[in-house]
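> A single structure is presented below for examination.
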Amino acid sequence: MAVVAVPAREVGPGGSFRRYLARLGALRTQPGAERSAGGRRTELHLLFDQLISENCGPAPAAGPSAQDVCVLLAQACQLVHLDQEHLVSKVCQLIHHLLNRFQVVVDEQNLNFLLSYCISALKQCSSWTHVEILQALAALVYNNGPKCQKYLQDLLGKMGLLVQFSDPAQPDMELRRAAVHSMANLCLSVPGQPCLDEPYRSVCFQTFLSVLQSSKTSNVDDIVFCMLLQNALKGIQSLLNGGKMKIMQTDQLGSLLAVLKKCMFHGLPGLSIEMPAALYPAPLPQYDKRSPVKQEQPEPAAVKPTGNRRKKSKGKQKKGEFAEEGKEDLCDTGNESNHGADVLKLNLENSPCADPRACASDVACVPAGKDPLPSHGTSWKRISSSESEYSDAEGGMQSKMRSYQAKVRQGALACFLSAIKSIEKRVLYGYWSAFVPDAPGIGSPQSVSLMTIALKDPSPKTRACSLQVLSAILEGSKQFLSIAEDANDHKRAFTPFSVTIASSIRELHRCLLLALVAESSSQTLTQIIKCLANLVSNAPYSRLNPGLLTRVWNQIKPYICHKDVNVRVSSLTLLGAIVSAQAPLPEVQLLLQQPSSSGLSNSGSATPHRFNFSEQWRKALPLEGESPENPSGCLPPEPCWLIRLCISVIVLPREDSCSDSDANFPSGSVYEPSPVRLESLQVLALLVKGYFSMAQSYLLELGEVACKCMEEMDPSIQLHGAKLLEELGTGVVQQHKPDSAVAPEKRVPVSMVVTFWTMMLNGPLPGALQNSQHATLQTSACDALSSILPEAFSSLQNDQQILCITLLLGLNHSETPLVKAAAVRALGVYILFSCLRQDVMFVADTANAILNSLHDKSPSVRAKAAWSLGNLTDTLIVNMETMGQSFQEEFSDLLLLKMLRSATEASKDKDKVKSNAVRALGNLLHFLQPCHVAHPRFREAIEESLQALVSTVQSEATMKVRWNACYALGNVFKNSALPLGEAAWTTQAYSALSSVVKSCKNFKVRIKSAMALSIPSRRECYGPTEQFCQVWSALVEALQKSEDTEDFLEFKYSASLRTQICQALLHLLSLATNTDLPLIWETMRANGDAIKSYVVQYMKSGVEDNEAGMHTDLCERERLLKGAIEHLHGVEKHPECKTGGRVSVYLEGILTNHVGATELTEA
């Protein structure tokens, strides 16, 4: 780290720092007479004492420059010879003191000199000086590890000084602690600088691990031992944070996790646990890649309950300080408010609640001083210093010791947090049971876990740290927890793993809710609620008995109006997690319909006015044309209180502007602080997305909220207003889809949707779209505009339709990739609107805009443009089928050629672009007319595009790309104008599809290739007999391999694959000629039984929705088979036919078998 020198400043009343430099310089120039040597030593002692004493206390705002400090220390060391041990000790104290007090990182030149001095001192001076020298060494190497490479052999080599002093056999514990501290500081990673080399990292890691595994002996001071553990934990954390320290071996990881778990509970009152030397993971069935691991050993952990359970003191615990290690905070708990809060003490019922309605209010006030926890569970109570039985002096020492013990626990938790980030999730979850609570068995004690700390630790910071770690474990745990399922059969001989995980999830809910009602620190409350939100986001509630979310819902309600801003924000985050968890859940649907007062209490920390807002909102924002009897359509009997709450938080001024404990937010604002309003907007957006049926009654009100937000000055509020608008539009579109399960009479009326979008387009939406200073807002506004219901768009006024189109076409030329991508995607949506797709001018303008974006340098823009090009070509096909040649003749040939060439070029792009580019190619080749095919300019483009499709089918691209390529070739085969069966590319196309249908790992791609092979409607399209029979043989082979797969997930598509192949085979038989039948019969004779069994199965499989999107019922299948038999009868009567009717007889046998089986079933 480079040090910039600045002019020296006053350090105190003793004079300037440079005065001391001058005095040191004067001592260097004095003649070295024998008589004055003693006097010089005395003067050095006095000078060092003055420097140390004048620089005590907190560092001033303006201290000496780093360069001055480094120069002074270097001069001091030059004046002190190593045989003057008292002075060596004092100058080392000075190094340690000044570097720590002024937070100086020594420059490389002075570092080399000072490090050499300290290393020489350690080698030559007596052992009594070593602790001070090591403290100086630790201060010197702090954040300087990469610059110490040439000294690492002396310090960390086989006989290195730090290795010797930190040896477990070292009797001086203070010396061992100082050595471990220096080693930990050496391990600190500096951004942009190389880490320690592997051999040295390994030495340090083993040293730290052995320290943590050691036990305290009776002759070791408790505080020194705590400091030793704390330094070792810091060292391991630094190694893990460096990025290169990956713990791969199971034994090494198990040993680390075992000591971390031990240190997490170090000195925790009322607990005494014994840990095994290592923890072992359990195998996890949720993850495919499993390494061979040992079964987890049971922990011999015993919990000793506290004997004296007195009323908890509310006094704040004193925090111990450790000056020399104050440079690195052990556990960063974020920027939450540091103020405490008096929280309503509630009693949580722990009995399972099967009916959410019955659990609507499972909280109740308890008398002050009573234990709010259930008597039948482990009763966690925190111990404060006021409970001690010691005298004042003894109490002070006990308080100091508890402070150091708490720092060890915090260090262990911070280290575990770093370890979690260094371990793969599938490995981490093997140790789930060691750190996450499970419901205790009958008569067995509660196992110790992270929740033990969250519930019992007397330090709020430590509790917050444990919750941070638990949150990190829960984050991304959806796949692991997905296996959980509540047991319905309680008489099993063993407990399935799925039931164990479900039990753990339930226990987590119970413990976190207990922690919630018992917590008084706002900072820790925030962490509890964040942890609950992570749990809710990942738990599989659809597989668990209902009731869990009901208890969380009711417990969190009072905290929505907590006086601390961060608690309010995290409470809303939790509500957002609930309404987005596997939505829609019946339990959450019931909760949303609860009365607004359900589960609410007021203890002074909540502001009840927030729940009396319904009428205020109605009066504040009356809607045009709204009747008092039926506002905004048909409201449910009980309004959705969460929607009402969020609306009031967003748009209504708060009544008590001084309720916020966090001073980071402007006090002059009439509204809630911005984070609270933003979180409310996110909750609304999630609720609209997951439970649109609840929100649709408030469509116009929510539209006004979005408008108001987009009119504000805060860019974040504007952005979230636009996102809310997008969710509202998407909800309406989803509801009006043809396959929607919502009955037409329960959908939002189109007239109301028109009113909604008229309000948007007459409001701030156009301004947001043109706000070039805020590209993210423009992007969200584009996404919102693309979510308009097509039926509503056609009913908008003409000028509003033109406004939408003009804005999108203009934004397609934006220089910001995000905006351009959103604009071209919106055009891809509009091109499908029935009222626009028949407008040739609009189609042409949109095509040119899309082609412009398709050549953009941004991959995201090209990907969106390719998607829109696919939609555009879908429109061309629809217009061709509905409008006939009139549209084809009106559409520009030049533009069509340009589209064909651009799509061909895009098919060579990245997979995200390629998947839609090949889709567009298939549509364009289908759209071509005989005049295009015959045109010389088109001929070359057609050849190139077909080569691109064939190459993509055969490529190693993603399965989505290959699926689209097979689909595209199927579309090509539909165009009778193309010379299918005659051109050279025909052989390549059939060969590619035949190869895929036999051997592709993905069954969906096989299905699509079989479908493509069955599309040509004339025998001539399949080319000569040899080619026709190759297709036939490939399909027969594919039928026999339809159950062969390495991936079990593909097996569920095997029935659909057989259905499609059988249809393709019958299609080929219905087109076969007399020259084809001999080869067909050879295949049937060799594989007759297999083919017969599959075709019989196909015939009786009933209605099936296959991957080709075709619904083939029993009659349709019989018609296909009979049609093939009838055709073959005619062919086999031909005098040149050599099969003698055997193929038709074979098929008649299948038909007879099927008819007989059907009649037997009906009888």
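Heads up: the sequence shown is residues 1179 to 2341, going by the working numbering.
Idealized CB from N, CA, C, for every residue including glycine.
Does S1243 come out as helix, strand or coil in the three-state DSSP assignment?
Locating residue 1243 in the sequence shown gives position 65, where the first residue counts as 1. Residue state, collapsed to three classes: coil.
> Is S1294 helix, strand or coil by DSSP?
Indexing the sequence shown from 1 puts residue 1294 at position 116. The answer is helix: DSSP assigns S1294 an H, G or I state.
> Less than 8 angstroms between C-beta atoms, sequence neighbours within five positions excluded: which residues of the same chain meet that for S2192?
Residue mapping note: residue 2192 aligns to position 1014 of the sequence shown, counting from 1. The residues are Q2238, Q2241, A2242, H2245, L2246.
> How would you label H1264, buried or exposed, when you count the other beta carbons within 10 angstroms and need 16 or more for buried?
What you label residue 1264 is simply residue 86 of the sequence shown in a count that begins at 1. Burial call: exposed.
> Taking just the CA atoms, how far does Q2107 sit from N2101?
Position 923 of the sequence shown holds residue 2101. Position 929 of the sequence shown holds residue 2107. Using only the alpha carbons, I get a separation of about 12 angstroms.
> When you compare only the Cα positions, how much space is there between D1350 and V1647?
The count along the sequence shown starts at 1 and reaches residue 1350 at position 172. The count along the sequence shown starts at 1 and reaches residue 1647 at position 469. Approximately 34 angstroms between the Cα atoms of the pair.
> With a Cβ-Cβ cutoff of 9 angstroms, do R1355 and N1409 count as a contact?
In the sequence shown, residue 1355 corresponds to position 177, counting from 1. In the sequence shown, residue 1409 corresponds to position 231, counting from 1. Cβ atoms of R1355 and N1409: closer than 9 angstroms.
> For F1613, does the count of other Cβ atoms within 10 angstroms reach 16, so buried, or fall short, so exposed?
In the sequence shown, counting from the first residue as 1, residue 1613 sits at position 435. With 16 or more other Cβ atoms within 10 Å, it is buried.
> Within the same chain, show all residues whose beta-carbon is closer than 6 angstroms to that of L2257, passing over the 5 residues directly before and after it, in chain order.
Here residue 2257 refers to the residue found at position 1079 when the sequence shown is read from its first residue. So the qualifying residues of the chain are C2207.
> Just verifying my parser: in three-state terms, what is the DSSP assignment at C2200?
The count along the sequence shown starts at 1 and reaches residue 2200 at position 1022. Reading off the sequence, residue 2200 comes out as Tyr, not Cys. Helix.
> Here's the rule: buried if 16 or more other CB atoms are within 10 angstroms of the residue's CB, otherwise exposed. What is V2321?
Counting from one through the sequence shown, the residue named residue 2321 turns up at place 1143. V2321 should be labelled buried.
> Within the same chain, show all residues whose beta-carbon is closer than 7 angstroms to that of Q1415, passing over the 5 residues directly before and after it, in chain order.
Within the sequence shown, residue 1415 is the residue found at index 237, counting from 1. Within the same chain, Q1415 has close Cβ partners A1592, C1593, S1596.
> I need the DSSP call for Q2016, collapsed to helix, strand or coil.
In the sequence shown, counting from the first residue as 1, residue 2016 sits at position 838. Residue state, collapsed to three classes: coil.
> I need the boundaries of the alpha helix (DSSP H) containing S1416, first residue and last residue.
As a working mapping, residue 1416 is identified with position 238 in the sequence shown. Where S1416 is concerned, the enclosing alpha helix (DSSP H) stretches over 1400 to 1419.
> Nearest by alpha-carbon distance to C1960: which of E1923, S1918, D1977, G2006 is it?
Taking the first residue of the sequence shown as 1, we reach residue 1960 at position 782. That would be G2006, whose Cα lies nearest to the Cα of C1960.
> Apart from the five residues just before and just after V2131, which ones in its own chain have a Cβ nearer than 7 angstroms to its Cβ?
Indexing the sequence shown from 1 puts residue 2131 at position 953. Same-chain partners within the cutoff: R2140, A2143, C2144, L2147, A2170, L2171, V2174.
> Using the Cα positions of Q1767 and Y1869, report the straight-line distance between them to the nearest angstrom.
Residue mapping note: residue 1767 aligns to position 589 of the sequence shown, counting from 1. Residue mapping note: residue 1869 aligns to position 691 of the sequence shown, counting from 1. Each residue's alpha carbon lies about 8 angstroms from the other.
> Exposed or buried, which one is T1640 when buried takes at least 16 other CB atoms within 10 Å?
Walking along the sequence shown from the start, residue 1640 turns up at place 462. The residue in question, T1640, is buried, as its Cβ has 16 or more Cβ neighbours within 10 Å.
> Under the three-state reduction of DSSP, which class applies to Q2205: helix, strand or coil?
Working through the sequence shown from its first residue, we reach residue 2205 at position 1027. Three-state result, Q2205: helix.
> Could you give the distance in angstroms between the alpha-carbon of P1724 and the alpha-carbon of G1754?
For the purposes of this step, residue 1724 is taken as residue 546 along the sequence shown, with counting starting at 1. For the purposes of this step, residue 1754 is taken as residue 576 along the sequence shown, with counting starting at 1. Near 18 angstroms, if we compare the C-alpha coordinates of G1754 and P1724.
> Contact between the region 1575 to 1589 and the region 1427 to 1440: three or more CB pairs below 8 angstroms?
With a cut-off of 8 angstroms, the region 1427 to 1440 and the region 1575 to 1589 do not count as touching, because too few Cβ pairs lie within range.
> Flag this pair as yes or no: are the beta carbons of E1904 and Q1896 separated by less than 9 angstroms?
As a first step, residue 1904 is located in the sequence shown; it is residue number 726 there, counting from the start. As a first step, residue 1896 is located in the sequence shown; it is residue number 718 there, counting from the start. No, the Cβ-Cβ distance between E1904 and Q1896 is not below 9 angstroms.
> From R2115, L1750, M1938, R1925, pick the residue whose C-alpha is nearest to that of G1881; which is it?
Here residue 1881 corresponds to residue number 703 of the sequence shown, with the count starting at 1. That would be M1938, whose Cα lies nearest to the Cα of G1881.
> What does a CB cutoff of less than 8 angstroms around S1367 pick up in its chain, not counting 5 residues either side in sequence?
Position 189 of the sequence shown, counted from the start, is the residue given in the question as residue 1367. Counting only Cβ-Cβ distances below 8 angstroms, and skipping sequence neighbours, we find G1323, C1373, S1416, N1419, G1420, G1421.
> What residue range is occupied by the uninterrupted alpha helix (DSSP H) comprising C1824?
If you number the sequence shown from 1, residue 1824 lands on position 646. Where C1824 is concerned, the enclosing alpha helix (DSSP H) stretches over 1819 to 1829.
> State the Cα-Cα distance for the pair V2096 and K2076, rounded to the nearest angstrom.
Here the question's residue 2096 lines up with position 918 in the sequence shown. Here the question's residue 2076 lines up with position 898 in the sequence shown. If I take the Cα positions, the gap works out to 15 angstroms.
> Label Y1198 either buried or exposed according to how many other C-beta atoms from any shown protein chain fall within 10 Å of its C-beta, with 16 as the threshold for buried.
Taking the sequence shown and counting its residues from 1, the one referred to as residue 1198 is at position 20. Burial call: buried.
> For D2267, which of helix, strand or coil comes out of DSSP?
Taking the first residue of the sequence shown as 1, we reach residue 2267 at position 1089. Residue state, collapsed to three classes: helix.
> When we look at the beta-carbon of T1220 and count the other beta-carbons within 10 Å, is it buried (16 or more) or exposed?
Taking the sequence shown and counting its residues from 1, one reaches residue 1220 at position 42. Label assigned to T1220: exposed.
> Specify the secondary structure class of Y1719 as computed by DSSP and reduced to three states.
Numbered from 1 along the sequence shown, position 541 holds the residue referred to as residue 1719. The answer is helix: DSSP assigns Y1719 an H, G or I state.
> Measure the CB-CB distance between L1292 and I1273 and report whether it falls below 9 angstroms.
Within the sequence shown, residue 1292 is the residue found at index 114, counting from 1. Within the sequence shown, residue 1273 is the residue found at index 95, counting from 1. Result yes, Cβ atoms of L1292 and I1273 sit closer than 9 angstroms.
> Is the region 2103 to 2120 close to the region 2069 to 2089, with three or more CB pairs under 8 angstroms?
In short, these stretches touch, since the Cβ pair count reaches three.
> Do V1269 and C1255 have their C-beta atoms within less than 9 angstroms of each other?
Along the sequence shown, read from residue 1 onward, the residue named residue 1269 stands at position 91. Along the sequence shown, read from residue 1 onward, the residue named residue 1255 stands at position 77. Yes, the pair counts as a contact, with Cβ atoms nearer than the cut-off.
> Alpha carbon to alpha carbon, what distance is there between S1581 and G1574?
Taking the first residue of the sequence shown as position 1, residue 1574 is located at position 396. Taking the first residue of the sequence shown as position 1, residue 1581 is located at position 403. Cα-Cα distance, rounded: 11 angstroms.
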